[in-house]
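Trainee:
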Amino acid sequence: MMRGMPEQSSPPSDGGASRRGFLKTATVLIGGAIGAVLAIPIVRFVAYPVGRKVVRSAGEPIDAMAASALTPGAPPVRVELVAKNVRDAWTVASDVTVGAAWVSKTKDGKVVALSSVCPHLGCAVAFNADKKAFKCPCHKSEFDAGGKRLAGPAKRGLDPLPVEVKNGRVLITQVRYRTDTPDREPV
Ligand code: FES
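In numbering that gives the first Met the number 0, the protein residues as written are 0 to 186.
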């Protein structure tokens, strides 16, 4: 180089340009991947409990009582239906009372369970042993011992619940039905 002449920087080579391009692309890709990984728990947190099964009552048979406690032809007995585990969107609770049933054994030995919920507007019915009938205290609906509607504003009889006897135990499945309708619609 001649003395007094300004120094000139050499133009970047093609290799340097492509290396810078590669680094830029790699930085964007790695940054995007890290962002996506970090976003997963945030999306999960915001979306929770979407997609999770929500259980409002025990859908499984509940061990209600010993079958030997029922006498054929005797008045129905009231039993609480206590679910071992009930899960809602956020929590799991143990030993939850999900309802009650009136259980009886017919003279020919068939075990019957009726929901204790009045199908009019949902009050709890009671059995009157003298009259051999269920009565609702709220608006005076009445039902015979088999659950058939006798009087009052209820539009249908008491709701039978699925029941089975297994290993000497009475297993009842709690089902809730829409009230004030002539047909039984599970809710
Ligand atoms: Fe039973 Fe109305 S709730 S008669």
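Note that CB positions come from ideal geometry on N, CA and C, so glycine has one too. For clarity, every value in this text was computed on a predicted model and none was experimentally measured.
What runs of the beta strand (DSSP E), each 3 residues or longer, lie entirely inside the stretch 152 to 180?
Mentor: 162 to 165 and 168 to 171
Trainee: Nearest by alpha-carbon distance to residue 110: which of 122, 24 and 70 is it?
Mentor: 70
Trainee: Are the CB atoms of residue 66 and residue 169 within a distance shorter than 8 Å?
Mentor: yes
Trainee: I'd like to confirm something about residue 115: is its beta-carbon nearer than 7 Å to some heavy atom of the ligand NAP, or not?
Mentor: No copy of the ligand NAP appears in this structure; the ligands present are the ligand FES.
Trainee: Going by DSSP, what residue range makes up the beta strand (DSSP E) through residue 148?
Mentor: In the DSSP assignment, residue 148 falls within the unbroken beta strand (DSSP E) covering 148 to 150.
Trainee: Below 8 Å on the Cβ atoms is my contact criterion, and I expect residue 131 with residue 150 to pass it. Report the Cβ-Cβ distance as a whole number of Å.
Mentor: Going by Cβ atoms, the distance from residue 131 to residue 150 rounds to 14 Å, so no, they are not a contact pair.
Trainee: Please state whether the Cβ-Cβ distance between residue 126 and residue 101 is less than 8 Å.
Mentor: yes
Trainee: Closer than 7 Å: is that where the CB of residue 151 sits relative to any heavy atom of the ligand FES?
Mentor: yes
Trainee: Return the chain-ordered list of same chain residues with a C-beta closer than 8 Å to the C-beta of residue 158, the five sequence neighbours on each side being excluded.
Mentor: 113, 114, 116, 118, 146, 174, 176 and 183
Trainee: By the three-class DSSP mapping on this structure, what secondary structure does residue 25 have?
Mentor: helix
Trainee: In terms of alpha-carbon separation, which member of 79, 122 and 95 lies closest to residue 86?
Mentor: Residue 86 has its Cα closest to that of 95, out of 79, 122 and 95.
Trainee: Could you check which residue in 93, 91 and 63 has the C-alpha nearest to that of residue 79?
Mentor: 63
Trainee: Within the same chain, show all residues whose beta-carbon is closer than 7 Å to that of residue 180, passing over the 5 residues directly before and after it, in chain order.
Mentor: 154
Trainee: Let's see if you can read the secondary structure: which residues bound the beta strand (DSSP E) around residue 184?
Mentor: Element bounds for residue 184: n/a, residue is neither H nor E.
Trainee: Between the alpha carbons of residue 163 and residue 73, how many angstroms are there, rounded?
Mentor: In this structure, the straight-line span from the alpha carbon of residue 163 to that of residue 73 is close to 18 Å.
Trainee: Please classify residue 58 as buried or exposed, where buried requires at least 16 neighbouring CB atoms within 10 angstroms.
Mentor: exposed
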